[in-house]
Amino acid sequence: MRRNRKLTAFAAAAATALGAGALALGPADLAFAEDGCEVEYTVVSSWGSGFQANVAITAGEAIDGWDLAWTFPSGTTVSSAWNVSWSQSGTRFTGSDVGWNGTVASGQTRQVFGFIGSGSTADPTGISINGDLCDGEVDPTDPPTTEDPTDPPGGGPVKIMPLGDSITGSPGCWRGNLWQLLDQAGHDVDFVGSLSQACNPSGSDPDHEGHGGFLVTQSVNNGSVRGWLEQNTPDVLLLHFATNDVWSSIPPATILAAYTTIVQDLRELNPDAVILAAQLIPLAPTDCADCPQRTINFNSQIPAWAAANSTAQSPIVVVDQYTGWVPSVDTYDGVHPDEDGYVKLAANWFAALDPILDAA
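Per our numbering, the very first residue in the sequence shown carries number 184; after that it's consecutive.
Here it is in structure tokens:
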């Protein structure tokens, strides 16, 4: 597996690759892709109601900004996507880079985006980049650049702590799906935490800090979170830890103050830590009519909080776990994710983590 470089480089790569707290998508500056191109469309997982696919581009001539288009089989639709500014009209799909992922060197293969879809998993047709049809063959002047396997490892596996409540811990088991995606991508990672719960697939890393029923405000105030961070200090923190606070009608400002304390404590222990802060999945229990709007209100304040607290050395990246989530499909009770929900949560975390780990 690929080893990641020093943590200082790791944090810098995160800030450069994703932009601290940045969520806005914009059109690419298009460039003509000469000398052929190849698009690899890979269905990485599928389930009864949908599938996840990743898209990679191999460039003949170097590409500086891409605009990709194709035609899906009839009935195939995209519900959510990451790292791409996209639209779909009928069977026609179009997508543009979002800035940081717009360059593909001559001979390089780069995974550029992924999506959740439904319908046929058959390959699309008429794939083009910047208006040029891709014939699936590339003959670059220079051979593709690959990492020398004889290079010594940089600093061991990247330690990742999933921190939250039952959405992250029992019964939440998206961690297994995420571990599989990271492993398949060749990333050397170690999930850390004081709790251990096996998730499918078999062999996935079971460690985490997902404490069912806990409030982040209480867990910070009583010192629990500080203790967890001291016991297993992570390089990357996956933070989805406010569902019970929102359910309990804790004001967003109070919750975000607890988030700030977590960030400060983590930076004392690891100044180069990267924080991935999730916008919560929708909260729609049958006994809380106000919870859906409370979730929206809290989520709306996360980007500004992230931007205010992010630094170049220790960036905070906002991960949208809300968009595309359907409680009637992705949960079994309006709150806790089911198998469909696990896939979506993992895909969104992976979309944020993968370019950071690749760039490190």
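For glycine and all other residues, C-beta sits at the position ideal for the given N, C-alpha and C.
Here the structure is a predicted model, which is why all the values come from computation and not from measurement.
Does the Cβ of N284 have 16 or more other Cβ atoms within 10 Å, making it buried, or fewer, making it exposed? Counting from 1 along the sequence shown, the entry for residue 284 is found at position 101. Label assigned to N284: buried.
Counterpart residues of I246 in DSSP-defined beta bridges: In the sequence shown, counting from the first residue as 1, residue 246 sits at position 63. Note: I246 sits in a beta bridge opposite V287.
Spatially closest choice to W362 from L421, I479 and Y442, by CA coordinates: As a first step, residue 362 is located in the sequence shown; it is residue number 179 there, counting from the start. Out of L421, I479 and Y442, L421 has the C-alpha closest to the C-alpha of W362.
Within the chosen definition, does the stretch 530-537 reach the stretch 344-364 through at least 3 CB pairs nearer than 8 angstroms? As far as the Cβ criterion goes, the stretch 530-537 touches the stretch 344-364, which means the pair count is three or higher.
At the level of alpha carbons, what is the spacing between L190 and Q447? For this step, residue 190 is matched to residue 7 along the sequence shown. For this step, residue 447 is matched to residue 264 along the sequence shown. Confidence is the limiting factor: at L190 the pLDDT is only 47, short of 50, which leaves the residue's position unreliable and the question unanswerable from this model.
Note down, in chain order, each residue of its chain lying with its Cβ closer than 7 angstroms to the Cβ of G395, except the 5 sequence neighbours on either side. In the sequence shown, the residue the question calls residue 395 occupies position 212. Scanning its chain for C-beta atoms nearer than 7 angstroms, with the 5 sequence neighbours on each side dropped, one finds around G395 the residues D348, S349, G352 and S353, in chain order.
Have a look at S493 and I499 and give me their C-alpha separation to the nearest angstrom. Residue 493 sits at position 310 when you count from the first residue of the sequence shown. Residue 499 sits at position 316 when you count from the first residue of the sequence shown. Whole-angstrom Cα-Cα distance: 5 angstroms.
Quick check on F481: does DSSP put it in helix, strand or coil? Here residue 481 refers to the residue found at position 298 when the sequence shown is read from its first residue. In the structure shown, the three-state DSSP call for F481 is helix.
Suppose contacts are defined by Cβ-Cβ distances below 8 angstroms. Is I438 in contact with V408 by that definition? On the sequence shown, residue 438 is found 255 positions in, with the first residue counted as 1. On the sequence shown, residue 408 is found 225 positions in, with the first residue counted as 1. No. Outside cutoff.
Just reading off the beta strand (DSSP E) that P345 is part of, what are its end residues? On the sequence shown, position 162 is the one that residue 345 refers to. Unbroken beta strand (DSSP E) run through P345: V341 to G347.
Check whether the stretch 422-430 touches the stretch 377-384, taking contact to mean three or more Cβ pairs, one atom from each stretch, closer than 8 angstroms. With the cut-off at 8 angstroms, the stretch 422-430 and the stretch 377-384 do not touch.
So for Q235, helix, strand or coil by DSSP? Along the sequence shown, one-based indexing puts residue 235 at 52. DSSP places Q235 in the strand class (E or B) of the three-state scheme.
Residue span of the beta strand (DSSP E) that contains I299, given as start and end: The sequence position of residue 299 within the sequence shown is 116, counting from 1. Note, I299: beta strand (DSSP E), T292 to S301.
Check the C-beta distance from L398 over to S431 and give it rounded, since I have them as a contact under 8 angstroms. Here residue 398 refers to the residue found at position 215 of the sequence shown. Here residue 431 refers to the residue found at position 248 of the sequence shown. Correct: roughly 6 angstroms between the Cβ atoms.
May I ask you to report which of helix, strand or coil DSSP gives F276? The sequence position of residue 276 within the sequence shown is 93, counting from 1. DSSP places F276 in strand when its eight states are reduced to three.
Which residue's Cα is closest to the Cα of R477: A368, Y442 and P434? The residue labelled residue 477 in the question sits at position 294 within the sequence shown. Comparing alpha carbon positions, the residue from A368, Y442 and P434 closest to R477 is P434.
Nearest CA to the CA of C471: which residue from G517, S511 and S387? As a position in the sequence shown, residue 471 is number 288, starting the count at 1. Here the closest residue by C-alpha is G517.
Pair within 8 angstroms by beta-carbon distance, A441 and V501: By 1-based counting over the sequence shown, the position of residue 441 is 258. By 1-based counting over the sequence shown, the position of residue 501 is 318. For A441 and V501, no; Cβs fall outside 8 angstroms.
Tell me the rounded alpha-carbon separation between A211 and S270. In the sequence shown, residue 211 corresponds to position 28, counting from 1. In the sequence shown, residue 270 corresponds to position 87, counting from 1. The pLDDT assigned to A211 is 26, lower than 50, so where the model puts this residue is not dependable, and the model offers no usable value.
Pick helix, strand or coil for C474, following the three-state DSSP scheme. Numbered from its first residue, the sequence shown carries residue 474 at position 291. In the structure shown, C474 adopts helical secondary structure according to DSSP, grouped into three states.
Using only alpha-carbon positions, find the residue among D513, A239 and G282 that is nearest to A368. For the purposes of this step, residue 368 is identified with residue 185 of the sequence shown, where counting begins at 1. A368 has its Cα closest to that of A239, out of D513, A239 and G282.
Can you give me the C-alpha to C-alpha distance between T225 and F374, rounded to a whole angstrom? The residue given as residue 225 occupies position 42 in the sequence shown. The residue given as residue 374 occupies position 191 in the sequence shown. Cα to Cα, T225 sits roughly 26 angstroms from F374.
Closest residue to E300 among Q235, L316 and T254 (Cα-Cα distance): Taking the first residue of the sequence shown as 1, we reach residue 300 at position 117. For the record, residue 300 in the displayed sequence is Gly; it is not Glu. That would be Q235, whose Cα lies nearest to the Cα of G300.
Inter-residue Cα distance where the pair is F296 and I458: Numbered from its first residue, the sequence shown carries residue 296 at position 113. Numbered from its first residue, the sequence shown carries residue 458 at position 275. Roughly 21 angstroms between the two C-alpha positions.
Pick out whichever of C356, S377, K342 and E392 has its Cα sitting closest to the Cα of H370. Position 187 of the sequence shown holds residue 370. Selected option, being the one with the closest Cα: K342.
Cα-Cα separation between A227 and G406, rounded to whole angstroms: In the sequence shown, counting from the first residue as 1, residue 227 sits at position 44. In the sequence shown, counting from the first residue as 1, residue 406 sits at position 223. It is Val, not Ala, that sits at residue 227 in the sequence shown. Approximately 40 angstroms, taken between the alpha carbons.
Would you mind listing the beta strand (DSSP E) stretches within the stretch 338-415 that are 3+ residues and don't spill past its ends, in chain order? Listed in chain order, they are 341-347, 372-374 and 390-393.
Taking 8 angstroms as the threshold (C-beta atoms), are R358 and P345 in contact? Counted from its first residue, the sequence shown places residue 345 at position 162. Counted from its first residue, the sequence shown places residue 358 at position 175. Less than 8 angstroms separates the beta-carbon of P345 from that of R358.
May I have the straight-line CA-CA distance separating L251 from N415, to the nearest angstrom? Translated into the one-based positions of the sequence shown, residue 251 becomes position 68. Translated into the one-based positions of the sequence shown, residue 415 becomes position 232. If you take the alpha carbons of L251 and N415, they lie about 42 angstroms apart.
Which residues DSSP lists as bridging H559, in chain order: The requested residue 559 is not part of the displayed model; the chain covers only 184 to 543.
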